[in-house]
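Notes for the one structure printed next.
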């Protein structure tokens, strides 16, 4: 294939258990830079066209210029540095904040045939030395490092001995002390500009207000870099926000629409995470906890299950999420209020990264506001920092109490205007009812004032509703003129009034005391009757009669397609287990859905499916194609068993070769191509399950000639494509791959 002829190298990889056939040699040669980038996009990643500003970013960095990229989660940031790294000489260095993110990307790139390695604390000394050797040999195209390791004096000195294609600083908002994921080590990355002045740098983030963007540019010495700012809009996400009444029942009503789907539920505290995970498991759901208080091995095991299994719900604090690239997260739920719109946007952006429908669901209450304000008051930092944090919380609360399209409000916060309502949020779909709350608000304000401006909502409700209890009598509040004046409204209505008064700034909270409410100067015009007040009328919460519609994602698969869809996912899951990668590294849901809809009837048709590049077509095309063809037959009930048997064919091929069958005989028996058999057998040779003599049968002297051609180079073994071009008559590429795999074993030893 064309791409392989350029840069395919069949060397065994390090850092991923199955990295034969990895792209390691120099940059793609040929026509203009955009043409070469387009070629990589199609041949390697399997996509026909770039999205948004991807093409401009890639061309900028590939030409050696610096870039600042602001692109929403799921917008395709990774391609913006992965493709330039393949276009340029040397290794691309990716600065990543989490080991999980590094390993996830390395696994995904390995399935694409790209030699990528994560150098971190999980590798022992021998493995780290092997990575260093491969870097010196030019066998690695992308190297993932945490900022702490990158900035070690020894590491910087080593990198200065290598040709560097680029530096990519992912999650760049960590640079900023104002960012919601502040990480001090990121602030030192500006020295890369001095140490590597000729190497282009690209900083990427999904969330950054103007203040954070300015600080990123300053800290990283990227003031002169080209800015690329994509739309913050994630049109596939449905936003739904409701007041918190009975949070567990509300959550269960929502989860009933997400059966079998993977999602994340965020809670504010570790205690809440543990309790909610236990509760959900008790309700028959598969829920796993994740927070910083759990042992590291438990967190890692739970995260691995979330990535590798279907239908897992991760209940977590904000300690979970950064770097989670799982594309088929169908929902993100918040059972507590995030402290900023940046945090909310970042966390909800973990849903629907594959572009398919997803939901961002949240409930919030006055207690969330009180808790967050108390946290801010007690936090370290100067008054300027606290003022910024208070502003961010107020913006978050504003979104909750919004009466216009939520997407319009969210985009406006990030400086992006949307002319028309989105039609894809709860306000657009359900509408918002408001009511004249002027008199009710005056009653609430009067109750706060007359009781001494030192009581919380619970006691104020007792006064307004006329509850003649011990606490009211102890304080003598049954004698207040406002005692019992609010009986015309229910308790939930009054809680809504107090919540909205706090959020609008008419009432303040004594965060340093016991959460008592007090009046602010802004409430005076309302008390004097100079203005009126319209408030939202809260809808009846789900769990008390409200039923959510089934998720849009679940409606994508029709009843007649369900069995084939599950068979495709089961086949993917089985292959993922064999290759020790997450299922989406084989194919994401969006690719499986396109297969299901288009039903390709040939490998050529399969190659036109988005997400099926040459490497994956060669490796998985025939298996999935056969499953889809069986799905059109008369016995769809056998699809799942068929999927399992198809996934077992590589093992069967190895066993048959060991028993003496030829490649032609194996291909006939397993009903697959000879190329597929050769690929499976080459992998078996690399794993020392077979010898080359058991697989390859050539005329006398030809095997030695081919071995000599592979061994002529002083450095790494040349690619199969390079040797194939020197042979007359031609020898099948599969034969060469098997010979090279055997030589690589000797070469490594």
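In the working numbering, the protein residues as written are 1079 to 1827.
A virtual CB, placed ideally from N, CA and C, is assigned to each residue, including glycine.
Predicted, not measured: the structure shown is a model, and the values here were computed from it.
Check whether residue i and residue j have beta carbons under 8 Å apart
i            : j            : result
residue 1892 : residue 1123 : With the chain covering 1079 to 1827 only, the question about residue 1892 has no answer from this structure.
residue 1510 : residue 1577 : no
residue 1636 : residue 1427 : no
residue 1666 : residue 1405 : yes
residue 1154 : residue 1129 : yes
residue 1820 : residue 1780 : no
residue 1263 : residue 1226 : yes
residue 1319 : residue 1442 : yes
residue 1121 : residue 1688 : no
residue 1416 : residue 1393 : no
residue 1432 : residue 1668 : yes
Selection from the options that minimises the alpha carbon distance to residue i
i            : options                : result
residue 1195 : 1300, 1204, 1213       : 1213
residue 1374 : 1435, 1200, 1826       : 1200
residue 1671 : 1680, 1470, 1641       : 1641
residue 1739 : 1704, 1775, 1423, 1726 : 1775
residue 1178 : 1355, 1826, 1403       : 1403
residue 1901 : 1420, 1318, 1532       : Nothing in the structure corresponds to residue 1901, since the chain is present only between 1079 and 1827.
residue 1347 : 1290, 1446, 1407, 1409 : 1446
residue 1271 : 1261, 1248, 1297, 1289 : 1297
residue 1573 : 1274, 1540, 1310, 1158 : 1540
residue 1826 : 1746, 1803, 1794       : 1794
residue 1350 : 1362, 1502, 1325       : 1325
residue 1701 : 1664, 1293, 1675       : 1664
residue 1645 : 1682, 1215, 1133, 1708 : 1708
residue 1190 : 1673, 1729, 1657       : 1657
residue 1239 : 1169, 1188, 1395, 1638 : 1169
residue 1248 : 1234, 1275, 1280, 1236 : 1280
C-alpha distance - residue i paired with residue j, whole-angstrom precision
i            : j            : result
residue 1815 : residue 1748 : 20 Å
residue 1787 : residue 1753 : 22 Å
residue 1569 : residue 1543 : 8 Å
residue 1823 : residue 1763 : 9 Å
residue 1299 : residue 1198 : 26 Å
residue 1499 : residue 1204 : 58 Å
residue 1423 : residue 1492 : 10 Å
residue 1742 : residue 1755 : 9 Å
residue 1490 : residue 1545 : 44 Å
residue 1440 : residue 1494 : 23 Å
residue 1162 : residue 1137 : 8 Å
residue 1370 : residue 1398 : 9 Å
residue 1193 : residue 1224 : 18 Å
residue 1099 : residue 1286 : Summary for residue 1099: the model assigns pLDDT 37, below 50, so the residue's position carries little reliability; its value from the coordinates is reported in the next sentence. If I take the Cα positions, the gap works out to 38 Å.
residue 1454 : residue 1678 : 56 Å
residue 1228 : residue 1340 : 34 Å
residue 1265 : residue 1383 : 33 Å
residue 1484 : residue 1381 : 31 Å
residue 1507 : residue 1501 : 6 Å
residue 1593 : residue 1533 : 7 Å
residue 1147 : residue 1215 : 31 Å
residue 1334 : residue 1273 : 55 Å
residue 1184 : residue 1293 : 29 Å
residue 1527 : residue 1602 : 12 Å
residue 1252 : residue 1705 : 45 Å
residue 1102 : residue 1221 : Residue placement at residue 1102 is flagged as unreliable, the pLDDT there being 48, under the threshold of 50; the coordinate-derived value follows with that caveat. Answer to the nearest angstrom: the Cα atoms are 12 Å apart.
residue 1301 : residue 1505 : 40 Å
residue 1156 : residue 1166 : 16 Å
Supposed contact pair residue j and residue i - C-beta distance, whole angstroms, cut 8 Å
i            : j            : result
residue 1242 : residue 1277 : 5 Å
residue 1391 : residue 1364 : 6 Å
residue 1563 : residue 1556 : In fact, because the Cβ distance is near 12 Å, the residues do not count as touching under 8 Å.
residue 1164 : residue 1219 : 6 Å
residue 1523 : residue 1605 : 6 Å
residue 1471 : residue 1450 : 6 Å
residue 1608 : residue 1514 : The Cβ separation is near 15 Å, so there is no contact.
residue 1518 : residue 1575 : 5 Å
residue 1757 : residue 1697 : 7 Å
residue 1436 : residue 1409 : 6 Å
residue 1312 : residue 1150 : 6 Å
Cutoff 8 Å: residue i Cβ touching any chain E Cβ
i            : result
residue 1664 : Here chain E cannot be found, since the structure has a single protein chain.
Distance cut-off 7 Å: residue i Cβ against heavy atoms of the ligand ADP
i            : result
residue 1310 : Among the components modelled here there is no ligand, and therefore nothing to report on the ligand ADP.
**Request:** Please list the segments of the alpha helix (DSSP H) lying wholly inside the region 1280 to 1308, counting only runs of 4 or more residues, in order along the chain.
**Result:** Correct list: 1288 to 1297.
**Message:** Please give me, in chain order, every unbroken run of the alpha helix (DSSP H) with length at least 4 that falls completely inside the region 1146 to 1187.
**Reply:** Runs found: 1157 to 1165.
**Prompt:** Enumerated in chain order, which unbroken segments of the alpha helix (DSSP H) with a length of 4 residues or greater are wholly contained in the region 1190 to 1226?
**Reply:** Within the region 1190 to 1226, the complete alpha helix (DSSP H) runs of at least 4 residues are 1203 to 1214.
**Asked** What are the uninterrupted segments assigned as alpha helix (DSSP H) that are 4 or more residues long and contained completely in the region 1466 to 1503, given in chain order?
**Response** Those alpha helix (DSSP H) runs which fall completely within the region 1466 to 1503 and span 4+ residues are 1484 to 1491.
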